[in-house]
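Visitor: Once you've had a glance at the structure underneath, I'll fire off some questions.
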């Protein structure tokens, strides 16, 4: 009898959780569509000092730049294609985490499929973001 009560409580808990979660792909799609909106209110300014930015460009950014297979200019920034390895994915995650702290005007989109497929990183932002990516980060190579 104790097991029946526990099972009933678990079923009720699952039902209450299910009601709180989005139940269709439209809700999820709408959440991702918000990433397509460029925040024009953000000021394009890196929070790093010049020496910090130079050190970052010489280190993490330089390593990432070596792994770019293709660069495509987008309406509000650039998209970069990388090999689909877990190592590259880890480096991209570290890069995004650091950039979110110093350059909060960027919007990052990461496209990941199976391990054999490439990884795409799109960096976009308000007017001037393309120039920042090109001039300050120096990531734009092999532009298509």
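Numbering (the numbering used here), first residue to last: 352 to 495. For glycine and all other residues, C-beta sits at the position ideal for the given N, C-alpha and C.
(1) Taking the alpha carbon of residue 472 as the point to measure from, which residue in 410, 395 and 422 has its own alpha carbon closest?
(2) Would the segment 468–485 and the segment 442–460 be scored as touching if the rule is three or more Cβ pairs under 8 angstroms?
(3) Which value, in whole angstroms, describes the spacing of the CA atoms of residue 458 and residue 485?
(4) What is the DSSP secondary structure of residue 411, reduced to helix, strand or coil?
(5) Decide if residue 412 is buried, meaning its Cβ has at least 16 other Cβ atoms within 10 Å, or exposed.
(6) So within the segment 467–491, which uninterrupted beta strand (DSSP E) runs reach at least 3 residues, ignoring any that extend past its ends?
(7) What does the alpha-carbon distance come out to for the pair residue 482 and residue 466?
(8) Quick check on DSSP: helix, strand or coil for residue 456?
(9) With 16 as the cutoff for other CB atoms within 10 Å, does residue 415 come out buried or exposed?
(10) Are the beta-carbon atoms of residue 439 and residue 446 separated by less than 7 angstroms?
(11) Measuring alpha carbon to alpha carbon, tell me which of 431, 450 and 461 ends up nearest residue 395.
(12) Just to confirm before moving on: does the CB-CB distance between residue 435 and residue 469 stay below 7 angstroms?
(13) For residue 449, name the three-state secondary structure that DSSP assigns.
(14) For residue 501, which residues of its own chain have a beta-carbon under 8 angstroms away from its beta-carbon, when the five flanking residues on both sides are left out?
(15) What residue range is occupied by the uninterrupted beta strand (DSSP E) comprising residue 434?
Guide: For this structure:
(1) For this step, residue 472 is matched to residue 121 along the chain shown. For residue 472, the nearest C-alpha among the options comes from 422.
(2) As far as the Cβ criterion goes, the segment 468–485 touches the segment 442–460, which means the pair count is three or higher.
(3) By one-based count along the chain shown, residue 458 stands at place 107. By one-based count along the chain shown, residue 485 stands at place 134. Computed Cα separation, rounded: 16 angstroms.
(4) Taking the chain shown and counting its residues from 1, the one referred to as residue 411 is at position 60. Looking at residue 411 - three-state DSSP - the assignment turns out to be helix.
(5) Taking the first residue of the chain shown as position 1, residue 412 is located at position 61. It counts as buried.
(6) Listed in chain order, the complete beta strand (DSSP E) runs (minimum 3 residues) inside the segment 467–491 are 470–475.
(7) One-based indexing of the chain shown puts residue 482 at position 131. One-based indexing of the chain shown puts residue 466 at position 115. A direct Cα-to-Cα measurement between residue 482 and residue 466 gives close to 32 angstroms.
(8) Residue mapping note: residue 456 aligns to position 105 of the chain shown, counting from 1. In the structure shown, the three-state DSSP call for residue 456 is coil.
(9) Mapped onto the chain shown, residue 415 falls at position 64. Residue 415 sits buried, since 16 or more C-beta atoms from the chains shown fall within 10 Å of its C-beta.
(10) Here the question's residue 439 lines up with position 88 in the chain shown. Here the question's residue 446 lines up with position 95 in the chain shown. Contact check for residue 439 against residue 446 fails: the beta carbons are separated by 7 angstroms or more.
(11) Residue numbering aside, residue 395 sits at position 44 when the chain shown is read from its first letter. Residue 395 has its Cα closest to that of 450, out of 431, 450 and 461.
(12) Locating residue 435 in the chain shown gives position 84, where the first residue counts as 1. Locating residue 469 in the chain shown gives position 118, where the first residue counts as 1. Less than 7 angstroms separates the beta-carbon of residue 435 from that of residue 469.
(13) Indexing the chain shown from 1 puts residue 449 at position 98. Note: residue 449 maps to helix in three-state DSSP.
(14) Residue 501 is absent from the model: the chain starts at 352 and stops at 495.
(15) Here residue 434 corresponds to residue number 83 of the chain shown, with the count starting at 1. Where residue 434 is concerned, there is no enclosing beta strand (DSSP E), given that its DSSP letter is neither H nor E.
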